[in-house]
Amino acid sequence: MTAASVAQPRPALAAEGIGISFGGIRALDGVGFAARAGEVLAIIGPNGAGKTTLFNIVSGVYRATSGRVLLGGEEVTEAPPERLAALGLSRTFQNLQVFFRMTALENVMAGRHLQERAETAANLLSDLFRLPGTRARNRTTRDAALALLDGVGLAEHAEAPAGSLPYGALKRLEIARALATAPRVLLLDEPAAGCNPVETEEINRLIEGVASRGVCVVLIEHDMKLVMRVSRRVVVLNGGRMLAEGTPGEVRRNPEVIAAYLGANVVEEPARPGKPPESAAHA
Amino acid sequence: MVAELLQFLVSGLTVGAVYALVALGFTLIYNASDVVNFAQGEFVMLGGMVTVFATAAGVPLPLAAFLAVLATVAVGLLLHRLAIEPARGASAVTLIIITIGASIFLRGVAQVAFDKRFHQLPGFSGSDPIPLLGAAILPQSFWVLGGAVLIFLGLWLFLERTLAGKAVRATAANRLAARLVGVDTAKVLALSFGVSAGIGAAAGVLVTPITLTSYDVGTLLALKGFAAAMLGGMGSPLGAVVGGLMVGLLEALGAGYVSSAYKDAVAFLVIVAVLFALPQGLFGRSGVERV
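In order, the protein sequence lines correspond to chains R and E.
Mapping the first sequence onto the numbering used here, position 35 (from 1) lands on 35, and the numbers just tick up by one.
Mapping the second sequence onto the numbering used here, position 54 (from 1) lands on 337, and the numbers just tick up by one.
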């Protein structure tokens, strides 16, 4: 591992030996991954495998009990989400963290928070009186936000209150807001959950487009067709541990992975139709 | 008849404006943290007391008022830094209990640093009542109402237009989402404590010529401001203003037409009525979360 990372360019995002316990429960143990700029890495695993918990640690929502997180080579294990946003890491949530009472456009404009200039006394006054400089700046922010909304196919809903948008649209709205922070690393937690095939296709294109611009994309996804198509490498978690890692093809043929998926379905709930979203308990 | 009603209305609006300012202080801190800061009344007390003692020491009134607001803002920031920030991550209930402790502490310090007597400030524009349609209006009432309007406007402009204000609103709307886009919510909370303290102190400076002040006026003001915030809907700045004015008016009309003995009971009746009939308040958000 060490030899390999010396030879290759520094990963945009790396997690090493991540472990976390909730009470007596070891939710993650010795989990790690590394993803480079422009690469799409998928994290898959049965429900309760610890995928979202891993995201919460990497994005600073939880603090790991052991292990470390490196963003562009810099250690950020203890950094809170707002600092990570400033360092170029952004994410979406499986259960949506949207400003429901703002319009779609305002949500994305809020995502540009860090691109706004520092709040000096002069800027404060300029903002209070809406001087031309402030107005020009607000226009720039608005145009950038509109472009991002357009990119996720929500331009016509720009002025709609976020609370009135359907679930699939909110998923894309959250992606647009995450992109507004101009991230170098984008974490997507089940971007296609609850989306119909057409919407999933849009998400697929969106992810490929983002990655092609050099952004490192790490996603958690249950839609295996999407995972197989879009990701270059796949990490499989099961019961809080690493089960496998490799290209989509390798992972698909891995007997342990097949057993974990089939086993989980057969042993836990034989009659479960499809894969329901994971409970918020471990989100 | 009309004169009497007008008299009650003006005095109701005057004291209501003060409750509205206290309620705004509650609202700002609540929005940034889910914490109801029960030391809010002490900010009002400090504003009045510092002004009283500074003018007594020979400082001209405008400067004394400015110093009082500044000192109270410092106290608010220190309260956040020394009592709230170290307990970061504790539940809202724990933090609320900390603010109750801080309120008792500030009252104790004021008792020692100042004294236990009642104090008055002279009216800013004298104290000769202005006759208006048969009612007699204290000039200080106009100072209170005008000052409150200026503070409401300034706060509104700050929240609507400035980056820091927008960060405050984003934090109120969804704390996690705000952090994800890079808002430092700990700073927002510190800012909220500073601004709330400043608003409370300004209210204290404005109202002291009418109501007198002493080390312990904060308790009742906090409870009435809390009633106002509940009535308007916890978390809504507009609700805080409307709720404050309504509690003030109810109090003045109740005292005028029913009995002044029950004046202080009005605020508590309001709390009980709101909890029974309208737990979200007039402008409160409903607790719906989509998952």
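C-beta atoms are modelled at their ideal positions from N, C-alpha and C, and glycine is treated no differently.
No experiment lies behind these values; they were computed from the predicted model shown.
- Using a Cβ-Cβ cut-off of 7 Å, Thr-310/E is close to nothing in chain R; its nearest Cβ partner there is about 16 Å away.
- Separation of Glu-39/R and Gly-214/R (C-alpha to C-alpha, rounded to the nearest whole angstrom) is 8 Å.
- A direct Cα-to-Cα measurement between Val-451/E and Glu-256/R gives close to 49 Å.
- In this structure the segment 461-474 of chain E does not touch the segment 482-493 of chain E; the number of beta carbon pairs closer than 8 Å is below three.
- The C-beta distance from Ala-535/E to Ala-303/E rounds to 14 Å, too long to fall under 8 Å, and the pair is not in contact.
- When DSSP reads this structure, His-402/E sits in a beta bridge with Thr-496/E.
- The three-state secondary structure of Met-242/R, taken from DSSP, is strand.
- By the C-beta criterion, the segment 495-512 of chain E is judged to be in contact with the segment 305-314 of chain E, since at least 3 inter-stretch pairs fall below 8 Å.
- DSSP places Glu-39/R in the coil class of the three-state scheme, outside both helix and strand.
- About 18 Å separates the Cβ atoms of Leu-503/E and Val-557/E, ruling out a contact at the 8 Å cut-off.
- Separation of the CB atoms of Thr-141/R and Met-102/R is rounded to 14 Å, and the pair is thereby denied contact status at 8 Å.
- Neighbours of Leu-361/E in chain R, taken as residues whose beta carbon is under 8 Å from its own, are absent, since the nearest beta carbon is some 22 Å off.
- Annotation: Gly-539/E to Arg-112/R spans about 53 Å, alpha carbon to alpha carbon.
- Under the three-state reduction of DSSP, Asp-150/R is assigned to helix.
- Contact between the segment 410-420 of chain E and the segment 90-107 of chain R is absent, with fewer than three C-beta pairs closer than 8 Å.
- Secondary structure note for Leu-365/E: it is in no alpha helix (DSSP H), with a DSSP letter that is neither H nor E.
- Within its own chain, the residues whose Cβ lies closer than 6 Å to the Cβ of Leu-350/E, once the five positions on either side in sequence are excluded, are Ala-337, listed in chain order.
- DSSP assignment within the segment 96-168 of chain R yields the following whole alpha helix (DSSP H) runs of 4 residues or more, N-terminal first: 104-111, 121-128, 132-151.
- In the DSSP annotation of this structure, the continuous segment of the beta strand (DSSP E) that includes Leu-188/R starts and ends at 185-189.
- Around Thr-181/R, the beta-carbon contacts reaching into chain E at under 9 Å are Leu-463, Val-464, Gly-465.
- In this structure, the beta-carbon distance from Gly-133/R to Gly-67/R does not fall below 7 Å.
- Below 8 Å, enough C-beta pairs join the segment 181-201 of chain R and the segment 221-235 of chain R to call them touching: three or more.
- For Leu-440/E, the residues of chain R that pass the 8 Å Cβ criterion are Leu-128, in the order they occur in the chain.
- Scanning chain R for C-beta atoms nearer than 7 Å to the C-beta of Leu-446/E yields Glu-116, Glu-119, Asp-127, reported in chain order.
- Three or more Cβ pairs closer than 8 Å define a contact, and the segment 451-465 of chain E meets that threshold against the segment 80-87 of chain R.
- With respect to chain E, the C-beta atom of Gln-97/R has a partner C-beta closer than 7 Å.
- Counting only unbroken stretches of 3 or more residues, the beta strand (DSSP E) elements lying wholly within the segment 191-240 of chain R are 216-220, 233-238, in sequence order.
- For Phe-129/R, the closest of Thr-445/E, Met-529/E, Phe-407/E, Gly-409/E by C-alpha to C-alpha distance is Thr-445/E.
- Among the residues of chain E, none has a CB under 8 Å from the CB of Leu-237/R; the nearest is roughly 23 Å distant.
- Val-251/R is a Cβ neighbour of Val-234/R, given a cutoff of 7 Å.
- Leu-528/E carries a helical assignment under DSSP once its states are collapsed to helix, strand and coil.
- Exposed is the label assigned to Asp-150/R, since fewer than 16 other Cβ atoms lie within 10 Å of its Cβ.
- When 8 Å is used as the limit between beta carbons, His-222/R is near no residue of chain E, the shortest such separation being about 17 Å.
- DSSP, read as helix, strand or coil, puts Arg-63/R in coil.
- Chain order gives no chain R residues near Asn-314/E, where near means a beta carbon separation below 8 Å; the closest approach is about 12 Å.
- In the structure shown, the three-state DSSP call for Ser-475/E is helix.
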